[in-house]
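K.L.:
The sequence shown begins at 9 in the working numbering and counts up by one.
From the three backbone atoms N, C-alpha and C, an ideal C-beta is built for every residue, glycine too.
For clarity, every value in this text was computed on a predicted model and none was experimentally measured.
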Amino acid sequence: MGSFYLTTPIYYASGEPHIGHAYTTILADVLARYRRRAGDDVLFLTGIDEHGQKIQEAAAAQGLSPLELCDLMAGRFEAAWDELGISHDRFIRTTEREHLAVVGALLERLRANGHIYEAEYTGWYSVSQERYFTEKEIGPERVDPIAGGPVVKIREKNWFFRMSRFQERLVRHIEGDPGWIAPAARRNEVLGFLGRPLEDLSISRPRSRIHWGIPLPWDPDQVTYVWVDALTNYVTASGAIDPAAPAAERGFGELRPSRWPADLHLMGKDIITTHAVYWPTLLMGADLPLPRKILAHGWWVVGDTKMSKSIGNVVDPLALRDQFGADAVRWYLMREMSTGQDASYTAERFLTRHDELRNILGNLAHRTLSMIRRYRGGVVPSAPADGLETETAAALEAYRRGLDGYRLHEGFAAAMELARAANGYIETREPWALARQLDRASDLDATLTTLARTLAVLSSLFEPVAPKRSAELARRLGLDRVPLLRELPEVAVAGRQVRVGKPLFPRVDV
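1) Grouping DSSP H, G and I as helix and E and B as strand, with all else coil, what is Y353?
2) So within the segment 360–445, which uninterrupted alpha helix (DSSP H) runs reach at least 4 residues, ignoring any that extend past its ends?
3) For A88, does the count of other Cβ atoms within 10 angstroms reach 16, so buried, or fall short, so exposed?
4) Within the segment 160–219, note down every full beta strand (DSSP E) run reaching 3 residues or more, in order along the chain.
5) Exposed or buried, what is D152 when buried is set at 16 or more other beta-carbons lying within 10 Å of its beta-carbon?
6) Run through DSSP, which three-state label would H26 get?
7) To which residues of the same chain is E344 closer than 7 Å at the C-beta, ignoring the five residues directly before and after it?
8) In whole angstroms, what separates the C-alpha of L14 from that of P299?
9) Can you list, in chain order, the residues of its chain whose CB lies under 6 Å from that of L53, leaving out five sequence neighbours each side?
10) Can you round the beta-carbon distance between M342 and L416 to whole angstroms, since I take them to be within the 8 Å contact cut?
11) With 16 other CB atoms within 10 Å as the buried threshold, where does R444 fall?
12) When we look at the beta-carbon of R163 and count the other beta-carbons within 10 Å, is it buried (16 or more) or exposed?
13) The beta strand (DSSP E) that contains F99, what's its start and end?
14) What's the call for D237, buried or exposed, on a 16-neighbour Cβ count within 10 Å?
15) Does DSSP classify Q70 as helix, strand or coil?
16) Over what stretch of residues does the alpha helix (DSSP H) that includes R461 continue unbroken?
17) In whole angstroms, give me the CA-to-CA distance for L365 and A336.
18) If you follow the beta strand (DSSP E) that A336 is part of, which residue opens it and which one closes it?
19) Decide if V198 is buried, meaning its Cβ has at least 16 other Cβ atoms within 10 Å, or exposed.
20) Given a cut-off of 7 Å on the beta-carbon distance, is the pair L396 and T457 in contact?
21) Please list, in chain order, all residues of the same chain as Y242 whose beta carbon is under 6 Å from its beta carbon, the five residues on each side excluded.
22) Quick one, which of P511, K476, S390, K165 has its alpha-carbon nearest V501's?
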């Protein structure tokens, strides 16, 4: 059994959960569940980013203190993830005392290593991104190049991290490990960014302008730049730095046994630079190991336009969940988007994917369980399998290859193909005809046993993406839980009392 530590970005506490948050978090959840199915000891981290100017301003606009707003939003995010079946092991908040101590430790380590200095800075600042941009980046229109919002020219004293010192080392790391950033297009994008001289990073803001943040340990009139604060959450949750230790030990002592480095950082492609440039250089400066892999997924678009709250074209995943169930939403998001690429949301495609679940997997379960009840009194016969062995082996291999390679759409396509093959097996074997021939009783037993075993396999393959319905399918097969991957395909179903129940994926009137 191995260990696997994966993370989502932590989401700003200034806005409601939307489909962009949901996709990243469900993607992480599916991978976490798959790793648990495979026998790994998983730490799945998500949470919210609670500091910075946006939180400060959003709270003021609502007549709340920043912490009151963060408490409110933390509850909303946790409720949303519960409703969407998210199985995170840790929900981190950057206002936690533990996190504040670890951020201070990281900053002290950077300073002690000679990578921090004070200087005056003049630049174009975007409140929405909480970062500076160069004159070239904002262009003649003088707009935020990421979100298109306004920028303002600011001149102030900040503390800086000598990020430029680590440019060549980072380039060597990326070129030496081609799979470190995925997909390849994002890797090339980062290398293109690093093809220009890397500037040093302003890691603080004056407290007179932004009071809602973590004060620098050596300068309480400055608060930590929100991205430095936010990125450090991955180390906080890993347990690598003991927040209760004396400051000197936190900053410079040996790392305690922990989950660090992360095996996988998941995020949208719009924040690849912060995760693939800012974060690894900060880790290098603090003498900490780099994460093992960074995966940046694409955007959901409507037509040719990215989903955006400001445009008003954001799809609410909780509204879809209320109508179709969480598993249907999860299935659509994982089946429709090729990991790393953009995907277009349409209501028609959502219904197509829902019908795929209902007509192929749901129909297979209902037919099989109904025939076991009708022909064998609801008890799975004790008989050798007779068919679908080749299809099952091929599906398991393609499924593992897809999920191990982060091509989830391919892995789940293989699972659905096995369900489709099992429906074809029913048509070929014609159990209803075998039931009328007394001398074919053993053939009928073998057919029903084969189908029951295939359903047990499918419950395991679909569990990461459709956990609620997969658990229900296992219960209807008389199993006490969904089988682990290593228990397939020899899972014992003979003698189990099955239950038919209502359709796993009922028809939805729209």
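P.N.:
In short, the structure shows the following:
1) Stepping through the sequence shown from its first residue, residue 353 is reached at position 345. Here Y353 sits in coil by DSSP.
2) 371–384, 397–412, 416–437, 439–442
3) For the purposes of this step, residue 88 is taken as the residue at position 80 of the sequence shown. By the 10 Å Cβ count, A88 comes out buried.
4) Runs found: 160–169, 212–214.
5) By 1-based counting over the sequence shown, the position of residue 152 is 144. Looking at its Cβ environment, which holds 16 or more other Cβ atoms inside 10 Å, D152 is buried.
6) What you label residue 26 is simply residue 18 of the sequence shown in a count that begins at 1. Of the three classes helix, strand and coil, the one that applies to H26 here is coil, per DSSP.
7) Translated into the one-based positions of the sequence shown, residue 344 becomes position 336. The residues are A351, R357, R361.
8) As a working mapping, residue 14 is identified with position 6 in the sequence shown. As a working mapping, residue 299 is identified with position 291 in the sequence shown. Cα-Cα distance, rounded: 10 Å.
9) By one-based count along the sequence shown, residue 53 stands at place 45. Excluding positions up to five away in sequence, the list reads T15, R98, A245.
10) By one-based count along the sequence shown, residue 342 stands at place 334. By one-based count along the sequence shown, residue 416 stands at place 408. The Cβ separation is near 5 Å, so the contact holds.
11) Reading the sequence shown from its first residue, position 436 is the one you call residue 444. That one is exposed.
12) Here the question's residue 163 lines up with position 155 in the sequence shown. It is exposed - the Cβ of R163 has fewer than 16 other Cβ atoms within 10 Å.
13) Start at 1 with the first residue of the sequence shown, and residue 99 comes out as number 91. Boundaries of the beta strand (DSSP E) around F99: 98–101.
14) For the purposes of this step, residue 237 is taken as the residue at position 229 of the sequence shown. So D237 counts as buried.
15) Against the sequence shown, residue 70 aligns to sequence position 62. Three-state DSSP puts Q70 in coil, outside helix and strand.
16) One-based indexing of the sequence shown puts residue 461 at position 453. Element bounds for R461: 449–470.
17) To locate residue 365, count along the sequence shown from 1; it is residue 357. To locate residue 336, count along the sequence shown from 1; it is residue 328. Approximately 8 Å between the Cα atoms of the pair.
18) For this step, residue 336 is matched to residue 328 along the sequence shown. No beta strand (DSSP E) contains A336, which is instead part of the alpha helix (DSSP H) from 334–344.
19) On the sequence shown, residue 198 is found 190 positions in, with the first residue counted as 1. Buried: at least 16 other Cβ atoms inside 10 Å.
20) Position 388 of the sequence shown, counting from 1, holds the residue named residue 396. Position 449 of the sequence shown, counting from 1, holds the residue named residue 457. No, the Cβ-Cβ distance between L396 and T457 is not below 7 Å.
21) In the sequence shown, counting from the first residue as 1, residue 242 sits at position 234. T15, A270, listed in sequence order.
22) Along the sequence shown, read from residue 1 onward, the residue named residue 501 stands at position 493. Measuring from the Cα of V501, the nearest candidate turns out to be S390.
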